[in-house]
Each structure stands twice: as C-alpha cells, then as structure tokens.
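Report on the following structure.
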Amino acid sequence: MSFLTTKSLPRRTVLRGLGATLALPFLDAMLPAFSVRGRAAAKPAHRFQTFYVPNGMAMEHWLPKGEGTAFELSPILEPLAPYRNQMLVLSGLKANWNYIHAGASGSFLTGTARGGRNEIEIVADVSMDQLLARHFATETQVASLELSMDAPANAGACTGNLSCVYTHTLSWRSPTQPLPMEWNPRVVFERLFGDSGSTDRNAREARLRQHKSILDSVSAKLASLKSDLGPDDRVKVDEYAEAIRDVERRIQKAEQQADLELPTVEQPQGAPPVFEDHLDLMFDLQLLAFQSDLTRVISFMISKEQSARPYPQIGVPEAHHPLSHHNDIPELIAHMSKINRYHTELFSKYLARLRATPDGDGSLLDHTTILYGSGISNSTRHSGDNLPILVMGGGAGTLKGGRHLAYTDKPTMANLLVTLMDKMAVPVERMGARGDSMKSLIPLLGVLLIGAGGGRPLVIDAVKNADKEGLRALVQRKADVNAAEADGTTALHWAVYLDDLESADLLIRAGAKVSAATDLGVTPLWTASLNGSDAMVRRLLKAGADPNAALMAGETPVMIAARAGNPSVIEQLLAKGANPNARGARGQTALMWAVSEKHPDAVKVLLAHGADVQARSNVWNEVMAVPPHGYLDYNRAIPRGGGTALMFAARAGDLASAKLLVEAGAHVNDADAWGVSATTMAAHAGYRDVVEFLLDRGADPNAAQAGFTALHAAVMRRDERMVTALVAHGADANAPLRTWTPTRRSSKDFHFAPELVGATPFWLAARFSEPNVMRLLLKHGADPLFAHHGDHVVEGRGVGFQHRGDVTTAVMAATGMGGGEAWMELDRREREPLVLEAVKLAVDLGVDVNAANVDGRTALDAATALKYQTVVDFLVANGARSGKNQKH
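Just so you know, we're using our numbering here: the sequence shown kicks off at 223 and counts up by one.
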C-alpha cells in the first residue's frame, strides 16, 4: 500500500553532494497528494533504446515461420520467448544506404541514403536518437547515452576507403558530427552520477585508496529524504542505492584487476577484461540511467561493425567478421547462428532486468521502445534487403507486440524510424532527408496502426477494445467519429484494420469519412484491400470510397489487392472505376505486382479488365559494385527497370501467370532497360519450366543484348535439363560471354566474373565440372579446342597491380584454372570424380595436357594443388608435366 504525504515530491528531485549528483527513481511520493488521477498526472516517461548487433545475421536461423500472431520463433529468437507478447518481428525492411559495413551502421538510425566518398569526407544525417535527445533535453540531465563494447576509432579507413566513424557509431548530432560511443563503464558511471565531469585517473585512484563511494557524499541527504517517505518508497530507494553501489564496486574491482593483470595495457580503466563482465556492467548502467530518468535515450552497440571478436566461450573460436562471410558453407553458418543466438540470449537478460524494475504503473520494459537488429541481413553478401529487425517493449502503450509483420514492398529503415518517432510523440516528415529525394514514405501499417498512447480519441479506444456498447453510446452522444490520432488514423481505419464490419458500418452511418487518409495516404479502402475483406470493401465502396485513392508513393487499392492476391477485391474495385493501369512511384502496375507475388487468379481478373501487358516500369540507373579486373573494385551505373509484366513473371518463376500474359499478347522477346530478355531472366533465376515455355512460344535462345545468354546462365547453374531445352531450340554452343555482370552491393549470386569474359558455354562447363553438359554441347557443335584468352589485372607482390594475359584450355579450366566463382558450389569429395571425368573428356578430344599459363602453371600443377590424386594420376599417365617456370 502506498503512503501519501500532503506534499508530493517533484519528479526531478536530485540529491547533490561533493562531486556527485544522484537522481531518484519513480516513487509513489511523486504522485500529487490525494489526487484520484495522480498516476495519470505523473505518467512514467516513454524511453527509447537501440540495441545494435554487427556483421549481419544467419537469416536461415533468424526468420520466423508464419506471420501475424501465429508465428513460430526461430532458433535465434527462441531466447526471447518470455517477451513474445512485447515483440514485433519486422521482415522485409531495406537498408537506406547499403554499402558494406559502413552503410549498415551509418544508416541504421540516420536513414541516410549515402555517406562520404573517402576517408576525409564524413557526412550522414541526424540520427533518430539525437532527434529524440533534442526533444527530451529539457526533461533529463543527460540528453542521450551512446555506448559500445568497443573502443571508438574516429580516424582511419575501415570499410573500403571510408572513415572508421561509420562502423564505430550509430549516433549523429548533425550531418557532419558523429558522436563517439563510450565503452568505459567508469566514464559512463561518472557521467551519470558525478557532477564535476572529471574522469581524472589520479582523482579516481585517490577515492579508491580512501574506499569511498559516490554515494558517500550524498548519504546524509539520502537518510533525510527516506525519513519523509512511506515504507514502499524507502524500499525502492534502498534497492536503487544498493544497485548503484554494486555497480561502482564492480567498476572499482575491474580497475584494480586491470592494473594488476594488465599493467601495460592501453585500455581505459573501468573496462573488465572479460566480455561478459564488461557487458554486465554496461547493462546495469543503462538500467540505472533509465530507472533514475537521467536519460530517456540510449544507443548501444554490442560490437562495432566489422568486429573480429571471437566467442570461444560458446564454442566459436573464429573471428566474427571473417566468419560472417561464410559463403553459404553449412558449418560456418551454424557457427554464425551460434553468435547471433548468443546475442539474443544476452539481450534477453537485459530485458529481464528492465521487466523486473518497477516504473509507475508498470515496468521499465513496459515504458520503453527498443529497436534491436543489424544493418546487414545475409552477411556473406553484405545484403541490405530483408534486415533482421525487432521492436521490443511496451512503448508506453503505443506498441502491440506478439506479431511477425512481413512487408513485401521493401519499405526502408527510414520508414520505420519515422514511424517510431511518431510513436515517441516526436513526429518528423522523413529521415535521411539529406540524401533522400523521396516525396513520401511507405507506411508500416502493422506498426502505424498500434495506437498513439495517451490522449487518443475515445471512439478509437472503443473500436480498438471491441467495445461495441461503448461505441454506440459515444455515437449517440454525438462524439466526433472523425477524430484522429497524430498520424491521421481514425476509428474507421481501426475498424477496417481489425475487419470489424459492425463497427465500421456504425461509424459510416454516423458520418465517418470513408476517404479519410493518414499522413502517408492510407485510406480505409486501401487497408481493406490489403486484408482481402470482400464485405468491408463492398461497404466502403457503397459509402463512396474512392477506388483510385493512392498512397503518397502512388500505390492504389488495386495494386495492394493484386500484391496480396485478392482477386474478388480487385473485381469490386475495377467495377467501381479503379484504374487497372495506375502506376506507382517506380512505374509498376497492379499486373506487375500480381505476377511478382505469383497470383495468377489476380492476373486473370486484371487482364479481363484491360490491364496493359506491355506496360513497362520506370528506368533508372543503379550504382553497383563491379570487380572489373581482379582486385580493382569500382562502381558502375547500370540501367535498371523497363520491365514488362512478363519479365516480372520470369524473375519470380510464375509459370501460370506467364502463360496468361503470353496468351494476352505479351511479347516473348522484349528485353528490359539493360537488354536482358524474359528467357534469360528465368534462366538466371533457375526457373527451367518458364524457360521451356518461353522457348516453345518462340523466344530467342540467343538473345544477348546485355552481353550474356540464357545458355551461359544455365551452364553456370549446372542445370542440364535447361541446357538441353536451350540447345534443342538453337542456342549457340560457341557464343562467347561478352561482358561481366555487376554484383549488387548485397549479393554476388549469379554474376559473371570479369575473368570469364570471352568464355564459351563448353569452356564454362569444363571450368565448373559439368562433363554431361560438355557432352551435350559437343553434340550441338561446341568447339572443344577453344582456349580462353584472359586479360585481367591481379595484385602483384610488392609491385602494385599487374596485367595478365592467360590462355586457358578446357583441360586447365577443368582443374580450376581461369578464375571465376561457381554459382552452385559442390562438395570437395563430390567434385573430384566430376573433374576427372571432365579432364578425360577434354584430353580424349585432343586438348593439350601441357598448356601453361603466363606463370608456367599447367593443369597438373592445379590438380596437385587441389590434392585430386585421381586427376593427377590420369594426367601423368597421359604425359602431363609440371610447369618449368612456375613463380613462387
């Protein structure tokens, strides 16, 4: 039972002593005396925290199965099971700046679309935590905390030629002012509880010798305060003070241990040498900072990007960053997953402390929004798509957890940051504005329609709580049914979102505006179309909802219904005048969305209502990483877009929709802006059935405007049946590869490496151990004596970069010479017999076994290096010799 005096204690009460300032936790005595609404008047603060993990994620072990509330926790997320009801798993989010590791952390809280161009130019955008820090600056003593487990490096280059700043911090006070992350618990402690601002080593050591605590200087005032408090508050103050004293004791012990064990080490005092001990201190300091309301904003990095920290304590001795480039090797992915799960286990321990700490009418966890995740998804490819993101906590009543929200339209992290800012009651128009030319942001419906916390209109509360009787009473009392939350969400939005037709009908009859739109353009009809609710769509259209009202990004109800695969909804919308050929911001139509998501039933409806099968998406240039020669990486703008619905179907592997489109008149030989045909797209993506269908309908198997053919892709994919279909339709078995293809910053999947330019399909089949494909191509005129002439640049030993001019025969290629990366890698033991078979075939066809490259290296040398003894024995038996001029 709470003890209330006739005089309430100010919320910002602090105790000051010599060299110390002690803020107090939330106490019952801070409630206004004898006030029935005291708790509401002293509502606990809404806090925000970022918990960043580096180097991406083993996505195979991260993504949950299922969506909505019926999702199954993945192995990495299992440690967070106790907090499922306060967990939002967000899938489909895209990084704004996907540049290896610098962009991962550099854009995570800023939403910046680009950073500097070299080590000297340091630029991003103001980060979310700093926008919140400005907002709370007058309410807390410390505007924000920026913490890390790694010492900051604010000079030098870490990612490519970009500054280490990007990988070592999340926080930017201005576009040119990154904030260093503090890693020393002693410095953090004194920032929170010492008012002198001094971290002088001599002063600290003097206090250590005197065995004094920061609490000693305020002990008398603390005792005096406790005499005026009720019993519950006295217990809270005692527990809080003991927690501070415990943290300080552990820091002192860490300092003493550091001096004894590491007398010459450069690490600052206060950081324990054991990772878990260090982390435990940092967790407690963050807890105390929130508990005392010294700050409401914390950004924390469990490690910097590119962190090489090993984790032998969990059976992972490999350095984290190199391990993250696992090249899809199962054993390495398993180790990567161990690290990722270990991080969520540690995070779970921190959440337990927040949940166990009372705060007003709930806990710290109830009143905190925590953004957990990484700026990279698939780490081996530096992927910025489908980021691993969680939003945890109660958000002071603004978050509805227990859900997995999977977005298919690839909203960016900036979209999420804007949404979270709105939930923090600090609305902003956009994040990352310096580098963002967007005029609008795609809404995150599952997050936006959560609730705005205090001050929400009563009609919205009634709908959210399924209080039909209360809603009727409000309508009878002429309550404003169009009252909206800060983002423009009305009660009708909520009724539609919850598919509550009864409440929606009541609101509409009471005058609710059916075309009301949120700040981002979301209308009730748009949401109903997403839900696939026929009855709700029918009711809204009957009430006059505009079927062509679009989001600010141009997405109409028909588009979202097509994307979600709701043909009956599409029928209704088109019958009421919806435009089947409306275009979104990138020129994509509902038909393109339907085939991209493999919804042939939706395609049928759209085609029946005049959807244009030849409409093309917008064309733009995308900067991609291109390794043109060996190690000399650079960027190149590639024309993207210009795709028709048939090309989207080919890329998605939607055979049923492809058939419908061709029957409706789609041109099978059209190419996109780069010159890639639908057949080549399907081959690249591995959809043999689509390739076979297009060939049967007259597609050109030799289309090569982009510099490569479907046959090149089929060979690289090791798809013998696809190769069979292509050559049967006239594919040229001797067509040379005329260009390399760029690697996306996020992926090297299915690209043609520069050193492969000039190669024929037969040579590629030899290089990637496909003897059956070699035989098949021979039947269709392939030249087995073709020798690949390479002209690329390699890194020389001590002399910079040198040009090469290698000539590689099929025998040499079969033993791994000639460069290039396999798209579909084989197990080493599985590969040796295939290499032997390919070598035998080439030798039987007359290929020289002693041909050598410019280093004098022969096929025998390559086979010896691979330790393929059967291949070595065969070559020796056929007169092969080791190169005489091999360089070492």
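Where is the CB? At the ideal position from N, CA and C, for every residue including glycine. A quick note: this is a predicted structure, and the numbers were derived from the prediction, not measured.
Does the stretch 391-403 come close enough to the stretch 540-558 to have 3 or more Cβ pairs within less than 8 angstroms? Verdict: no, contact absent.
Counting only the same chain and skipping the five closest in sequence on each side, list residues whose C-beta sits under 7 angstroms from that of L828. Annotation for L828: A784, I792, P802, A812, L813 and A816 place their beta carbon closer than 7 angstroms to its own, counting only its chain and skipping 5 residues before and after.
Can you give me the C-alpha to C-alpha distance between H626 and A280, rounded to a whole angstrom? About 18 angstroms.
So, with DSSP's three-state summary, where would you put R862? DSSP places R862 in strand when its eight states are reduced to three.
Quick check on this structure: which residue in Q528, L295, S521 and A800 has the alpha carbon closest to the alpha carbon of Y321? Looking at the Cα atoms, Q528 is the closest of the given residues.
Coarse secondary structure for R960, derived from DSSP in three states: Coil at R960, not helix or strand.
Using the three-state DSSP reduction, which class does H193 fall into: helix, strand or coil? Here the chain has residues from 223 to 1110 only, and residue 193 is not among them.
For V368, name the three-state secondary structure that DSSP assigns. Note on identity: in this sequence residue 368 is Glu, with Val being the wrong assignment. The answer is strand: DSSP assigns E368 an E or B state.
Count the other CB atoms within 10 Å of the CB of K798; is the residue buried (16 or more) or exposed (fewer)? Buried is the call here.
Looking only at its chain, what residues have a beta carbon closer than 6 angstroms to the beta carbon of T291, apart from the 5 residues adjacent to it on each side? Excluding five sequence positions before and after T291, the CB atoms of its chain that fall closer than 6 angstroms to its own CB belong to G624 and R625, given in chain order.
Verify whether the separation of the beta carbon atoms of L747 and P779 is less than 9 angstroms. Cβ atoms of L747 and P779: closer than 9 angstroms.
Would you call the CB atoms of M903 and A872 closer than 9 angstroms? Yes. Within cutoff.
Environment of N843 [buried if 16+ CB atoms lie within 10 Å]: Its Cβ having fewer than 16 others within 10 Å, N843 is exposed.
Across which residues does DSSP place Q271 in a beta bridge pair? Residue pairing from DSSP places Q271 in a beta bridge opposite I520 and I592.
Find the nearest neighbour of L586 within the set A267, N1100 and G766, judged by alpha-carbon distance. Of the candidates A267, N1100 and G766, the one whose C-alpha sits nearest the C-alpha of L586 is A267.
In angstroms, rounded to a whole number, what distance separates the CA positions of I664 and F512? With a pLDDT of 37 at I664, under the threshold of 50, the modelled position of this residue cannot be trusted; read the value that follows with caution. Looking at the backbone, the Cα of I664 and that of F512 are separated by about 32 angstroms.
Which residues in the same chain as T398 place their Cβ atom closer than 6 angstroms to its Cβ, once the five residues preceding and following it in sequence are excluded? Closer than 6 angstroms at the Cβ level, and outside the excluded window around T398, lie V345.
Residues in its own chain within less than 8 angstroms of V1098 by CB, not counting five upstream and five downstream? By the criterion of a C-beta distance shorter than 8 angstroms, V1098 is surrounded in its chain by L1082, once the five residues flanking it on both sides are discounted.
Let me check understanding here. Comparing Cα to Cα, which of K287, R518 and A800 lies closest to E361? Comparing alpha carbon positions, the residue from K287, R518 and A800 closest to E361 is R518.
Quick one: Cα of K1089 to Cα of A988, how far? As the crow flies, the alpha-carbon of K1089 is around 18 angstroms from that of A988.
Closest by CA to G1078, which one among A1064, H821, V1057 and T1030? In terms of Cα proximity to G1078, the closest of A1064, H821, V1057 and T1030 is T1030.
Could you tell me which residues DSSP puts in a beta bridge with Q399? S396.
Contained beta strand (DSSP E) runs [length at least 3] in the stretch 269-336, N- to C-terminal order: As far as the stretch 269-336 is concerned, its whole beta strand (DSSP E) runs of at least 3 residues are 269-274 and 309-313.
So what does DSSP say about R385, is it helix, strand or coil? In the sequence on display, residue 385 carries Ser and not Arg. S385 falls in the strand class under three-state DSSP.
Three CB pairs or more closer than 8 angstroms across the stretch 284-300 and the stretch 528-537: Too few Cβ pairs lie closer than 8 angstroms, so no.
Buried or exposed: which applies to N549, given that a residue is buried once 16 or more other Cβ atoms fall within 10 Å of its Cβ? With fewer than 16 other Cβ atoms from the protein chains shown falling within 10 Å of its own Cβ, N549 counts as exposed.
Coarse secondary structure for V1029, derived from DSSP in three states: Of the three classes helix, strand and coil, the one that applies to V1029 here is strand, per DSSP.
Based on DSSP bridge pairs, tell me the residues matched to E186. What is shown of the chain runs 223 to 1110, which leaves residue 186 out entirely.
Three-state class that DSSP yields for A874 in the structure shown: A874 falls in the helix class under three-state DSSP.
Shortest alpha-carbon distance to T961 belongs to which of S546, A837 and F930? Of the residues S546, A837 and F930, the one whose Cα lies closest to the Cα of T961 is F930.
Among the candidates L414, H547 and L312, whose CA atom is the shortest distance from the CA of Y629? Per the Cα distances, L312.
Residue range of the alpha helix (DSSP H) that includes A511: Boundaries of the alpha helix (DSSP H) around A511: F497 to Q513.
Could you please give me the residues that DSSP links to D581 through a beta bridge? Answer by DSSP bridge pairing, in chain order: G584.
Using DSSP bridges, identify the partner residues of T634. Here T634 is bridged, per DSSP, to K316.
Reduced DSSP category for M614 - H, G, I as helix; E, B as strand; rest coil: M614: strand per DSSP, three-state reduction.
Would you check if the stretch 299-307 and the stretch 352-367 touch, i.e. whether three or more CB-CB distances between them fall below 8 angstroms? Output reads no: the stretch 299-307 does not touch the stretch 352-367.
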